[in-house]
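Undergrad: Quick one: the structure is below, questions incoming.
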Amino acid sequence: MQFRRLKLSGFKSFVEPAELRIEPGLTGVVGPNGCGKSNLLEAIRWVMGESSPKSLRGGGMEDVIFAGTATRPARDFAEVVLSAQDANGEELEVVRRIERGAGSAYRINGRDARAKDVALTFADAATGAHSPALVSQGRIAAVIAARPAERRAMLEEAAGIAGLHVRRKDAEQRLRATEANLARLDDLMAGME
Ligand code: ATP
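Printed below as a string of structure tokens:
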């Protein structure tokens, strides 16, 4: 999947509608401290379904809405549009919008969608809000300082095998249930002999 365009309106410091074209190849974003470079990365994570305000450097989800400055009033909503092209060349447009007091809503190619649909759409393309391809500031230091178990979890996520643990747990539960059924069957058979 190739990201093509990011449009922001009312998202964090991007109070005015802003559009970032993402051309094939390397894209660099340069600017002075505090101009909003990290906010762009957070907008990409947010539109892909990020649900943790902490990982967006906020205390609550509505903190992504432009909070106002000395000269500009706060906004009532934030909206981010991510346009991409999937591996088959099909266009994909995902919109996330949050309004104060009303929560988030998503659209995929113009149709209302659930957060789960958005997460699956990106997971199928091996990306998403928690993709290890998105490296936030301070993350490198966190990897170095991480305990072995935490580092292992990061590597497993990068290798795309984190989901296997969930499936393994499911399989173990089913195995235990089957073993219990077999034991019960043995008892019944013994009783009939
Ligand atoms: P640095 O180079 O220092 O890491 P940066 O270019 O990555 O900076 P960001 O961290 O993306 O900058 O942007 C920080 C700016 O965004 C701050 O000025 C902060 O006040 C502003 N900001 C964050 N959230 C909001 C919000 N909800 N409303 C208005 N402004 C916000």
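Note that this note's numbering numbers the sequence shown so that position 16 is 1164, with each residue one more than the last.
We put the CB at the ideal spot given by N, CA and C, even for glycine.
Between the C-alpha atoms of residue 1331 and residue 1317, what's the straight-line distance to the nearest angstrom?
TA: About 21 Å.
Undergrad: Given 6 Å as the limit, tell me if residue 1329 has its C-beta closer than that to any heavy atom belonging to the ligand ATP.
TA: Residue 1329: no, Cβ never under 6 Å from the ligand ATP.
Undergrad: Can you tell me where the alpha helix (DSSP H) holding residue 1252 begins and where it ends?
TA: Where residue 1252 is concerned, there is no enclosing alpha helix (DSSP H), although the beta strand (DSSP E) it sits in stretches over 1251 to 1256.
Undergrad: Measuring from the CB of residue 1251, is there a heavy atom of the ligand ATP at a distance below 6 Å?
TA: No, since every heavy atom of the ligand ATP falls outside the 6 Å radius drawn around the Cβ of residue 1251.
Undergrad: Whole angstroms are fine: how far does the CA of residue 1199 sit from the CA of residue 1287?
TA: Their backbone Cα atoms lie some 18 Å apart in a straight line.
Undergrad: According to the Cβ coordinates, are residue 1240 and residue 1191 closer than 7 Å?
TA: Contact: no.
Undergrad: Is residue 1279 helix, strand or coil when you go by DSSP?
TA: It is coil, neither helix nor strand.
Undergrad: Tell me whether residue 1202 counts as near the ligand ATP, meaning its Cβ is closer than 6 Å to at least one heavy atom of that ligand.
TA: Result no, Cβ not under 6 Å from the ligand ATP.
Undergrad: With DSSP as the reference, please indicate the residues paired to residue 1260 in a beta bridge.
TA: The partner list for residue 1260 (beta bridge, DSSP) reads 1255.
Undergrad: When the distance is taken between beta carbons, is residue 1244 closer than 7 Å to residue 1252?
TA: Contact: yes.
Undergrad: Sorted by chain position, which residues of the same chain lie with C-beta nearer than 7 Å to residue 1177's C-beta, five sequence neighbours on each side aside?
TA: Counting only Cβ-Cβ distances below 7 Å, and skipping sequence neighbours, we find 1185 and 1188.
Undergrad: Residues around the ligand ATP, please: the condition is that the C-beta lies closer than 5 Å to some non-hydrogen atom of it.
TA: Qualifying residues come out as 1160, 1161, 1181, 1182, 1183, 1184, 1185, 1186, 1187, 1214 and 1215.
Undergrad: By the three-class DSSP mapping on this structure, what secondary structure does residue 1231 have?
TA: Strand.
Undergrad: Can you give me the C-alpha to C-alpha distance between residue 1242 and residue 1333, rounded to a whole angstrom?
TA: Spanning the two alpha carbons is a distance of roughly 52 Å.
Undergrad: Use the C-beta contact count for residue 1246: other C-beta atoms within 10 angstroms, 16 or more gives buried, fewer gives exposed.
TA: Buried: at least 16 other Cβ atoms inside 10 Å.
Undergrad: Report back the beta-carbon spacing between residue 1228 and residue 1194 to the nearest angstrom; my notes put them in contact at under 8 Å.
TA: Confirmed, Cβ separation roughly 6 Å.
Undergrad: What does the alpha-carbon distance come out to for the pair residue 1277 and residue 1320?
TA: Taking the straight line joining both Cα atoms gives about 29 Å.
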